[in-house]
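**Student:** Here the protein sequences come in this chain order: A and B.
Here the first sequence is numbered in the working numbering, starting from 102 and rising by one per residue.
Here the second sequence is numbered in the working numbering, starting from 23 and rising by one per residue.
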Amino acid sequence: MKCQRCNKAAVVFQKYSNAHFCKPHFIEDVERKIKRDIRKFGMIKKGERVAIALSGGKDSTVLLYILHRIFNERPDIELTAITIDEGIKGYRENTLEHAIKLTCELGISHTIRSFKEGFGITLDELVAKEKHAACTLCGVLRKNLLNKVARELGASKLAIGHNLDDEAQTILMNYLRGDMDRLKRMSPGITQLGLVMRIKPLRSIPEKEVALYGLLNDLPVSTDECPYAGEALRNEIREIINNYEVRHPGTKYSLLGGFDEIASIMGPPATQIVRCEKCGEPSSVAICKTCRLLGRL
Amino acid sequence: MKIGIKILSGGVREQELDVKEGSTYEEMLESLHINPEIVIVFRNGNPVPLDEKVSGDNVDIIRVVTGG
Chain A
102 MKCQRCNKAA VVFQKYSNAH FCKPHFIEDV ERKIKRDIRK FGMIKKGERV
152 AIALSGGKDS TVLLYILHRI FNERPDIELT AITIDEGIKG YRENTLEHAI
202 KLTCELGISH TIRSFKEGFG ITLDELVAKE KHAACTLCGV LRKNLLNKVA
252 RELGASKLAI GHNLDDEAQT ILMNYLRGDM DRLKRMSPGI TQLGLVMRIK
302 PLRSIPEKEV ALYGLLNDLP VSTDECPYAG EALRNEIREI INNYEVRHPG
352 TKYSLLGGFD EIASIMGPPA TQIVRCEKCG EPSSVAICKT CRLLGRL
Chain B
23 MKIGIKILSG GVREQELDVK EGSTYEEMLE SLHINPEIVI VFRNGNPVPL
73 DEKVSGDNVD IIRVVTGG
């Protein structure tokens with residue numbers, strides 16, 4: 102198969118757009134979509150300091166690499182990376198190493214903060230004594246600490262590596278749960294008290310293409326799996342969407358595109374953000390979820 | 023046609039596979055019950071478009087989408 106732009110050997114077939122691309126034209130296509138979304142949603146503007154949530158997994162690694170490629174020459178935009186070390190033995194050590202190596206190579210400042218430093222306990226220790234699912238604990242605490250560190254660093258945006266698959270799954274999950282408030286909060290450009298605005302530059306890139314982009318640029322694309330099993334509903338939804346995508350190419354883009362249209366006519370989220378009575382961090386109720394999970398009642 | 027494939031998904035599994043002449047990599051994945059959305063197929067170390075016809079070279083299937 103030949104690249105539709107230059108006739109060289111193709112490395113990928115995008116079934117959803119019926120396009121074949123060679124390596125340089127595939128890379129160009131991925132970067133074009135990201136630049137388009139950054140512009141379209143005003144994700145990064147002049148004079149901003151952008152913190153990038155860098156776990157060292159493939160998505161955040163590709164995110165950091167691409168944002169550096171796009172903004173490296175711009176003296177008015179500053180990039181800084183944050184890694185949260187949850188304390189997952191036998192897993193996080195490897196991705197942490199990738200994260201340190203990449204930020205050193207690209208010359209990007211890097212802040213590493215652990216659950217132990219932030220909350221006095223590692224995820225492994227917390228899982229052993231709490232009845233909550235590991236992914237609930239990890240998700241809530243990581244988001245809390247990322248936001249806190251980004252704010253301390255004076256960042257105006259927090260970039261996270263959610264890709265098209267993640268977004269399509271979250272949208273469908275929120276529909277199925279009937280959680281319209283959470284759906285509203287997913288809209289790009291939502292500002293909330295005490296929360297550094299989150300941006301998702303990879304939202305239009307299928308997960309598989311994020312991995313391919315990483316492999317083609319010799320980035321460490323770790324296929325290690327987190328020892329904790331993942332959210333049960335998300336795993337189920339992932340399989341449903343992937344099976345549907347094979348039979349009906351373009352489904353993931355349809356889910357995202359449909360959501361964007363709905364989001365543009367939905368009002369702002371009903372939830373009022375307040376400061377947590379215990380820790381002062383932003384919360385939708387009097388005592389934030391982090392404090393509740395940590396038993397600070 | 024018999025081809026040697028290597029599946030990298032957590033561990034490494036090598037196996038021989040009987041593929042119908044003229045079938046594509048996507049059809050090969052289907053016969054292995056692997057969803058094409060979660061893997062990248064390499065032929066002699068280079069990624070291949072899944073609608074390409076299978077040739078008798080070294081085929082690696084790398085799982086790039088994992089749970090969690």
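We treat Cβ as the ideally placed atom computed from N, Cα and C, and that holds for glycine.
Please report the Cβ distance between Lys-258/A and Ile-145/A, rounded to the nearest whole angstrom; I am assuming they are in contact, meaning their Cβ atoms lie under 8 Å.
**Tutor:** So it is a contact: roughly 6 Å between Cβ atoms.
**Student:** Using alpha carbons as the reference points, say which of Ile-29/B, Leu-72/B, Arg-85/B and Val-76/B lies closest to Val-347/A.
**Tutor:** Comparing Cα positions, the closest option is Leu-72/B.
**Student:** Please list, in chain order, all residues of the same chain as Pro-69/B whose beta carbon is under 8 Å from its beta carbon, the five residues on each side excluded.
**Tutor:** For Pro-69/B, where only same-chain residues beyond five positions count, the Cβ hits under 8 Å are Ile-62 and Val-63.
**Student:** Determine, using beta carbons only, whether Ala-256/A and Arg-150/A come nearer to each other than 9 Å.
**Tutor:** Going by C-beta atoms, Ala-256/A is nearer than 9 Å to Arg-150/A.
**Student:** Quick one: Cα of Leu-273/A to Cα of Ile-366/A, how far?
**Tutor:** Distance between the alpha carbons of Leu-273/A and Ile-366/A: 18 Å.
**Student:** Is Gly-396/A close to the ligand MN? I mean its beta-carbon at under 8 Å from any heavy atom of the ligand.
**Tutor:** What this structure holds is no ligand at all, so the ligand MN is not there to describe.
**Student:** So Glu-38/B is in the beta strand (DSSP E); what residue range does that whole segment cover?
**Tutor:** From DSSP, the beta strand (DSSP E) with Glu-38/B extends over 33-40.
**Student:** State the CB to CB distance for the pair Met-50/B and Val-34/B, rounded to an integer number of angstroms; the pair is presumed to be in contact (CB under 8 Å).
**Tutor:** In fact, because the Cβ distance is near 18 Å, the residues do not count as touching under 8 Å.
**Student:** Between the stretch 323-333 of chain A and the stretch 173-182 of chain A, can you find at least three pairs of beta-carbon atoms closer than 8 Å?
**Tutor:** Segments in contact, no.
**Student:** Using the beta-carbon count (16 or more within 10 Å), is Asn-264/A buried or exposed?
**Tutor:** Counting Cβ neighbours within 10 Å, Asn-264/A comes out buried, since at least 16 surround it.
**Student:** I'd like to confirm the pairing. Which residues does DSSP put opposite Met-298/A in its beta bridges?
**Tutor:** Its beta-bridge partners are Lys-258/A.
**Student:** Check Asp-186/A in the structure and name its three-state DSSP category.
**Tutor:** Note: Asp-186/A maps to strand in three-state DSSP.
**Student:** Terminal residues of the continuous alpha helix (DSSP H) containing Ala-234/A?
**Tutor:** From DSSP, Ala-234/A is part of no alpha helix (DSSP H); its letter is neither H nor E.
**Student:** Between Ser-45/B and chain A, is there a C-beta pair that is closer than 9 Å?
**Tutor:** No, because no Cβ of chain A sits closer than 9 Å to the Cβ of Ser-45/B.
**Student:** Mind listing the chain B neighbours of Ala-229/A? Cutoff is C-beta to C-beta under 7 Å, in chain order.
**Tutor:** Per Cβ cutoff of 7 Å: no residues; Ala-229/A is ~18 Å from chain B at best.
**Student:** Determine the chain A residues that contact Arg-85/B at a beta-carbon separation under 7 Å, and present them in chain order.
**Tutor:** Neighbours of Arg-85/B on chain A, chain order: Thr-324.
**Student:** Excluding the 5 residues flanking Gly-290/A on each side, which residues of the same chain have their C-beta closer than 8 Å to its C-beta?
**Tutor:** Excluding positions up to five away in sequence, the list reads Phe-142, Gly-143 and Met-298.
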